[in-house]
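*Asks:*
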Amino acid sequence: MSTARFLRLRTGAGTVLPLRVRRCDTFLCRLRGLMFRRKLASDEALLFVESRESRVTTAIHMCFVFFPIGVLWLVTAEATGHDLPRSLTVVDKVLAQPFRPYYAPQTPAQYYLEGPPVLLEWVEVGERLFLDTEP
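Numbering-wise (my numbering), the sequence shown opens with residue 47 and increments by one.
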């Protein structure tokens, strides 16, 4: 497991996205997510990690989330064990609206990233992203 508190995302072209990404792989972190928060900082994102690729386990709800968020669903071709992969590919994205009951990816994913809505402008479906630990 990575000991880095925050991660950075970099595009295949080398552009570092202006986000501080926090890994969310514990039961409590996944349970709470962004619920009951009043806002999300413009440079903040959560990377949710599931044990396998699935449409069901990576589906989200927006109950008790009071602001819209950009969501990316991601997969990797790497066998990673318990560590995060070095790269992820975007398989779907959506602007999730507050208090909507259900959003699921079009194809199975193992990871999903919840961040500010502008995230959807920075990344395209099919694009490969690279994970770096924050210095």
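Quick reminder that beta carbons are idealized off the backbone N, C-alpha and C, glycines included.
Can you check DSSP and say which residues form a bridge with residue 175?
*Replies:* Looking at the DSSP assignment, residue 175 forms a beta bridge with 57 and 134.
*Asks:* DSSP three-state label for residue 76, please.
*Replies:* Note: residue 76 maps to helix in three-state DSSP.
*Asks:* Of the choices 65, 95 and 57, whose alpha-carbon is the least far from that of residue 73?
*Replies:* Per the Cα distances, 95.
*Asks:* So residue 142 and residue 117 are in contact, right, with Cβ under 8 Å, and what is the actual spacing, rounded?
*Replies:* With a Cβ gap of about 5 Å, residue 142 and residue 117 count as contacting.
*Asks:* DSSP state of residue 163, grouped into three classes?
*Replies:* If DSSP states are grouped into helix, strand and coil, residue 163 belongs with coil.
*Asks:* Candidates 77, 176, 67 and 119: which alpha carbon is nearest residue 87's?
*Replies:* Taking only the C-alpha atoms, the option nearest residue 87 is 67.
*Asks:* Tell me which residues share the same chain as residue 115 and place their Cβ nearer than 6 Å to its Cβ, disregarding the 5 neighbours each side in the sequence.
*Replies:* Excluding residues within five positions, the ones whose Cβ falls inside 6 Å are 142 and 160.
*Asks:* Just mark residue 138 as buried or exposed, buried being the case when its beta carbon has 16 or more other beta carbons within 10 Å.
*Replies:* Looking at its Cβ environment, which holds 16 or more other Cβ atoms inside 10 Å, residue 138 is buried.
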